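Chains as they are written, first to last, in the numbering used here: chain V, -5 to 285; chain D, -5 to 285.
Heads up, the beta-carbon is just placed ideally off N, CA and C, and yes, glycines get one too.
Note that the coordinates shown come from a computational prediction; the quantities given were computed from them, not determined experimentally.
Below you can see the structure in the form of structure tokens.
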């Protein structure tokens, strides 16, 4: 079994981005600039956003953190988004989810200029992706495609089973892997909470992408020998023996899978680190379009 | 085996639309207005567009046919589209495909105001569909969903195999049937030209949606007993015994399927008539939004 080292690949990608940023600066132009909007004080959200800002520094990007109170109205938040939309010095921005309950996430999403939507969540960008047009690909599925490519994993004609149909992982990765091209051309089945006899699908899969959020849901007796496992699950599980009080678990029972899988992404250190790297890549792309 | 009568259902839908149009007119408001743009003299395209215009008359819509020479430049065509975009008397319009080779179809698509894109082909509308937001659903998959609903065909938890990954049928129907809700919640596999051992998928399917365009490709020995067949294929096959010189064939070998399928859409008279009905439904929806 081979480990797919997302940490290493994401560092490679960051180095590649850094080189491009150096070239931009050498030409006397400003570096890419990513802004992140965070509403309220949710601990996990602050951690994610903090990590995105740190990564910007690593690759030479400018970054701006827009911290807003959880009591902000939807109207005021849209005003802030409009400022970011029209700011020529900002190439892309993200609005960290979840938002407080009094704010309609769909209205916020629709307020973002698709040309600055480096998360790739705006319908215009999602639709372009589904219609195989150039666009910002959502960071997590974009990262999975990159891992498959860099590990030369054959996907054409293979049966890929995607577990979960979320808008940010399951649905986009099923579309991307089913499209023509490298890491694509796969025969894709999407299974979900309503699927009957889920194992009958996973047992026939050459590749499994699990984005369910249930720790260790996928066991080795549910897969066939030689399967490629992409584990997108990241769940905090209470653990009193850990200093933090919890451990991070993926969707896949990693230990039991050792004897079965040909390739596997560990959790942590697999898909997770790729997400930020691909967000940076989208921001670089946005910067290059505007030069 | 039960025949899914698309002709009958489409007539029902047209009657329902007509009733709504009558109500609109009774209130002293103008009826819905659909425009169709056709470039060049392609016979099949003229037939399709002619049929759309006739259907408008049946339900009390206004219709406008914009006929343009095949030599028109992309720029001039976009100018025409902009006129339709800004015309407050027009609720929706379609640009009949294919376009002459010197015109980039993607540029034309992007020029259409998504609020008037009753074909549902614009990325913004496609993305909204994929993200389960309210929008114009492309007419053919929209028609298939309607047939499944009106025949009370259970899709939740069933295995649906979609043959073909086109932007206008295969991809959208795979997304719709995989989404939550009526005629949805299915476990969907998309097979295509790169799929290895296609029969291993079709033999396990509870529902097959074939949108391949190869006449009589799906034979009864490729399916299991009780399968529901939705045949989207419409191919003209040369036939000297026919007055027209051709007959219309679906993707499915209808005769041999009689002993196997529980439900089947015939060709012609199945999915085909639904497409225009759903285009009218989208145009009515657009009109209602603007009232």
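- The CB of residue 158 of chain D never comes closer than 7 Å to any CB in chain V; the least such distance is about 11 Å.
- Taking C-beta atoms as the reference points, residue 242 of chain V and residue 46 of chain V fail to come closer than 7 Å.
- Sorting D/41, D/68, D/214 by C-alpha distance to the C-alpha of residue 59 of chain D places D/41 at the top.
- A Cβ-Cβ distance of about 15 Å is found for the pair residue 112 of chain D and residue 102 of chain D, leaving them out of contact under the 8 Å criterion.
- The alpha-carbon of residue 55 of chain V is positioned some 6 Å away from that of residue 25 of chain V.
- In the same chain as residue 155 of chain V, and ignoring 5 residues on each side of it, the C-beta atoms closer than 7 Å to its own belong to 183, 185, 195, 196, 199, 202, in chain order.
- Residue 125 of chain D reaches chain V at 117, 120, 161, counting residues in chain order whose Cβ is nearer than 7 Å.
- In the structure shown, residue 61 of chain V falls within a strand segment according to DSSP collapsed to helix, strand and coil.
- In this structure, residue 28 of chain D and residue 115 of chain D do not form a Cβ contact; the two beta carbons are roughly 15 Å apart against a cut-off of 8 Å.
- Ranked by Cα distance from residue 85 of chain D, the first of D/77, D/92, D/226 is D/77.
- Taking the beta carbon of residue 150 of chain V as reference, the chain D residues within 7 Å of it are 188, listed in sequence order.
- Boundaries for residue 239 of chain V: no alpha helix (DSSP H) harbours it, and the DSSP string shows neither H nor E there.
- Among the residues of chain V, those whose CB is under 7 Å from the CB of residue 172 of chain D are 159, 184, following chain order.
- Under the 7 Å criterion on CB atoms, residue 181 of chain V is classed as interfacial with respect to chain D.
- Here residue 70 of chain D is not bridged, per DSSP, to any residue.
- Neighbours of residue 100 of chain D in chain V, taken as residues at a C-beta separation under 9 Å, are given in chain order as 125, 127.
- For residue 219 of chain D, there is no enclosing alpha helix (DSSP H), as DSSP marks it with neither H nor E.
- By the Cβ criterion, the stretch 270 to 279 of chain D is in contact with the stretch 0 to 15 of chain D, since at least three pairs of Cβ atoms, one from each stretch, lie closer than 8 Å.
- One finds nothing in chain V with a Cβ atom closer than 9 Å to the Cβ of residue 240 of chain D; even the nearest lies about 31 Å away.
- Closest option to residue 61 of chain V, judged by alpha-carbon separation, among V/235, V/123, V/43, V/215: V/43.
- Comparing alpha carbon positions, the residue from D/125, D/134, D/137 closest to residue 163 of chain V is D/125.
- Straight-line measurement puts the Cα of residue 208 of chain V at about 23 Å from the Cα of residue 153 of chain V.
- A direct Cα-to-Cα measurement between residue 282 of chain D and residue 65 of chain D gives close to 36 Å.
- A Cβ-Cβ contact shorter than 7 Å links residue 267 of chain D with residue 1 of chain D.
- The DSSP-derived three-state label of residue 204 of chain D is strand.
- Beta-carbon to beta-carbon, residue 147 of chain V and residue 226 of chain V are separated by about 16 Å, too far to satisfy the 8 Å threshold.
- For residue 87 of chain D, the enclosing beta strand (DSSP E) starts and ends at 86 to 89.
- Apart from sequence neighbours up to five positions away, the residues of its chain that approach residue 108 of chain D with a beta-carbon distance below 6 Å are 116, 118, 119, ordered along the chain.
- If only uninterrupted alpha helix (DSSP H) runs of at least 4 residues are considered, those enclosed by the stretch 115 to 188 of chain D are 117 to 124, 133 to 144, 164 to 172.
- Burial check for residue 210 of chain D: the Cβ neighbour count within 10 Å reaches 16 or more, so the residue is buried.
- Put simply, of D/79, D/75, D/68 the residue whose alpha carbon is nearest the alpha carbon of residue 95 of chain D is D/68.
- Cβ-Cβ separation between residue 121 of chain V and residue 121 of chain D: approximately 3 Å, consistent with a contact (criterion under 8 Å).
- About 6 Å separates the Cβ atoms of residue 23 of chain D and residue 285 of chain D, confirming a contact at the 8 Å cut-off.
- In the structure shown, residue 255 of chain D falls within a coil segment according to DSSP collapsed to helix, strand and coil.
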